[in-house]
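Asker: The end of the sequence shown is residue 359 by our numbering, with every number in the run present.
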Amino acid sequence: MMSKPVILTGLRANNDLTIGNYLGAILPMVDMAKKRAGEYRVNMFVPDLHSFTTPIDHGQLYDQVINNIKVYIAAGLPIDHDDVYVYRQSYVPAHSELTWILDCFTGMGEMSRMTQFKDKSAKLSEDRISLGLFNYPVLMAADILLYDASYVPVGDDQTQHLEFTRDIGERMNKQFGELFTIPLPVPKQHEFFGKDQGLRIRDLVDPTKKMSKSDETGRGVIFLSDSPEVATKKIMGAATDSFGEVAFDSKERPGVTNLLTILALLSGKPQHEVNAEWEGKTSYGDFKKGVAEVVASFLTDFQARLAAVDEQPVLSKLEQSEVAMRALSEKTLLRTQQAVGLRPKS
Ligand code: AQP
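What follows is the structure, given as structure tokens:
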């Protein structure tokens, strides 16, 4: 188990997941788990401690965590495979403990430069900006370094945090010897997942922003729990442009390009094929109808699969994985505690 390279990803349970989360993070991971489990170990977890770096309804959190795990399964994660682990971060105490140690080697300056912190804190009043929001990239680094993960598929917005994970891991290795496996640099990650770049699904109302599950209005966001009718309305109301002709051009025409991207990914067709079908067409109404049909049919199928996921096997899998992950992460934690002088060297 130790020697297999590790692929790891997680999605916060602060709200319902979106098709941005699905296409950017869940699907690449599930594809990888289907194709490569056996050769690789696959850790797909719920970072529940990350879920309240920004304010949430705590009464919903526990159920949302279980729902997220079910979403992974409905998306096709093969949980019966021995190399696939599904776990909750807060059930593995080493995440919090390693975070504290790493915090003490992290600069205020480098955390202040994180664009996710800047973006998210800009939306909150001063007294609601938590320390957790400030140092969550350190918790994310612990999530990755504890398991010697080499491959971490994340959307484009998380690139900076992955770079930080590499920095803090290398910094610790330099000072204390080989403590951590360093995840691959971002371009190599893209190569591994067969992509040119990270995916960024955009908000339908404001395509200059990414589609985000914590968006205040949710008008430009397709949630996995949206009814096909609601999703259709959102697509029909999506912002486009005044060029009057469908074209794939993310700089000049982010709205239309976003819809073309969603269409290709949800229909499982290559982007160039979908573009060829639509480019040059002058009715944005017909185009949006085409996209809405594909989205509505995806949601109908997906929601039926989700409703059919049985809870008992999910709970058993969580329990098994959490026992295994506690044992594994404690080894890395002990190595680190010994290195920084908290435990005697063996
Ligand atoms: N719009 C997106 N396009 C592609 N990928 C995306 N991801 C998020 N939005 C898009 C990827 O989904 C995973 C979710 O990680 P997270 O829940 O830990 O946090 P996040 O990146 O902050 O996600 P959101 O949806 O934007 O949530 P909120 O609004 O709660 O902050 C990551 O791999 C992310 O890259």
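Note that CB positions come from ideal geometry on N, CA and C, so glycine has one too.
Pair every Cβ in the region 202-219 with every Cβ in the region 178-191, then say whether three or more of these pairs are closer than 8 Å.
Answerer: These segments do not touch.
Asker: How about ALA38 and LEU21: are their beta carbons less than 7 Å apart?
Answerer: No, these two residues do not count as a Cβ contact at 7 Å.
Asker: Taking 6 Å as the line, does the beta carbon of VAL234 fall inside it for any heavy atom of the ligand AQP?
Answerer: Checking the Cβ of VAL234 against the ligand AQP gives no.
Asker: Beta-carbon separation of ALA88 and VAL43 under 7 Å?
Answerer: It is a contact, given that the beta carbons lie within the stated cut-off.
Asker: Starting from TYR53, follow its DSSP beta bridges and name the residues at the other end.
Answerer: DSSP, once it has assigned bridges, lists ALA50 as partnering TYR53.
Asker: In the structure shown, what three-state DSSP assignment does LYS83 receive?
Answerer: DSSP places LYS83 in helix when its eight states are reduced to three.
Asker: Put PHE236 into one of helix, strand or coil per three-state DSSP.
Answerer: Reduced to three states, the DSSP call for PHE236 is strand.
Asker: Which word fits THR313, buried or exposed, when buried means at least 16 other C-beta atoms lie within 10 angstroms of its C-beta?
Answerer: That one is exposed.
Asker: For ARG215, which of helix, strand or coil comes out of DSSP?
Answerer: Strand, per DSSP.
Asker: Could you spell out where the beta strand (DSSP E) holding ALA162 opens and where it closes?
Answerer: Residues 162-164.
Asker: Do you know whose CA, among GLN333, THR270, GLY303, SER296, lies nearest GLU258's CA?
Answerer: It is SER296 whose Cα lies nearest to the Cα of GLU258.
Asker: Given 6 Å as the limit, tell me if MET224 has its C-beta closer than that to any heavy atom belonging to the ligand AQP.
Answerer: Yes, the beta carbon of MET224 sits closer than 6 Å to at least one heavy atom of the ligand AQP.
Asker: Taking only runs that begin and end inside the region 77-158, name each unbroken alpha helix (DSSP H) of 4 or more residues, in chain order.
Answerer: Complete alpha helix (DSSP H) runs here, min 4: 107-116, 121-125, 128-135, 144-158.
Asker: Would you check if there are 3 or more beta carbon pairs closer than 8 Å linking the region 219-239 to the region 192-203?
Answerer: Contact between the region 219-239 and the region 192-203 is absent, because fewer than three Cβ pairs lie under 8 Å.
Asker: Which of the three DSSP states is assigned to GLY354 in this structure?
Answerer: Looking at GLY354 - three-state DSSP - the assignment turns out to be coil, as it is neither helix nor strand.
Asker: Could you check which residue in SER342, GLN351, ALA352 has the C-alpha nearest to that of ALA155?
Answerer: Measuring from the Cα of ALA155, the nearest candidate turns out to be SER342.
Asker: Going by DSSP, name the residue or residues bridged to THR22.
Answerer: In DSSP, THR22 forms a bridge with MET57.
Asker: For LYS17 and TYR53, what's the separation of their Cα atoms in angstroms?
Answerer: Looking at the two C-alpha atoms, the distance is approximately 5 Å.
Asker: Span of the alpha helix (DSSP H) holding LYS208?
Answerer: Looking at the DSSP string, LYS208 is not in any alpha helix (DSSP H), and its letter there is neither H nor E.
Asker: Report the option in PHE315, LYS344, THR66 whose CA atom is closest to the CA atom of LEU30.
Answerer: The shortest C-alpha separation from LEU30 is found at PHE315.
Asker: Would you say the beta carbon of LEU212 comes nearer than 6 Å to a heavy atom of the ligand AQP?
Answerer: Indeed, a heavy atom of the ligand AQP lies less than 6 Å from the Cβ.
Asker: Report the rounded CA-to-CA distance for MET185 versus ILE114, giving the unit in angstroms.
Answerer: Whole-angstrom Cα-Cα distance: 10 Å.
Asker: Between which two residues does the alpha helix (DSSP H) carrying GLN178 extend?
Answerer: What sits at residue 178 in the sequence shown is Thr, not Gln. Looking at the DSSP string, the run of the alpha helix (DSSP H) that includes THR178 is 172-189.
Asker: Quick test of your reading: GLN210 and ASP170, contact by CB under 8 Å. State the CB separation rounded to the nearest angstrom.
Answerer: About 12 Å separates the two Cβ atoms, so there is no contact after all.
Asker: Return the first residue and the last residue of the alpha helix (DSSP H) that ASN288 is part of.
Answerer: Unbroken alpha helix (DSSP H) run through ASN288: 284-291.
Asker: Within 10 Å of its beta-carbon, does ARG266 have 16 or more other beta-carbons around it, so buried, or fewer, so exposed?
Answerer: Classification of ARG266: buried, given that the 10 Å Cβ count is 16 or more.
Asker: In the DSSP assignment, the alpha helix (DSSP H) including ALA317 goes from what residue to what residue?
Answerer: Here the alpha helix (DSSP H) through ALA317 covers 297-320.
Asker: Over the uninterrupted alpha helix (DSSP H) stretch that includes LEU276, give me the two end residues.
Answerer: First-last of the alpha helix (DSSP H) with LEU276: 267-280.
Asker: LEU355 to ALA107, Cα distance in whole Å?
Answerer: Cα-Cα distance, rounded: 14 Å.
Asker: Among all the DSSP beta bridges, which residues are the ones paired with THR67?
Answerer: According to DSSP, THR67 bridges with nothing at all.
Asker: Should ARG266 be counted as a contact of the ligand AQP given a C-beta to heavy atom distance under 6 Å?
Answerer: The answer is no for ARG266.
Asker: Relative to the alpha-carbon of GLU364, which residue among PHE118, LYS247, ALA289, LYS223 has its alpha-carbon at the smallest distance?
Answerer: Because the chain here runs from 14 to 359, residue 364 falls outside it and cannot be looked at.
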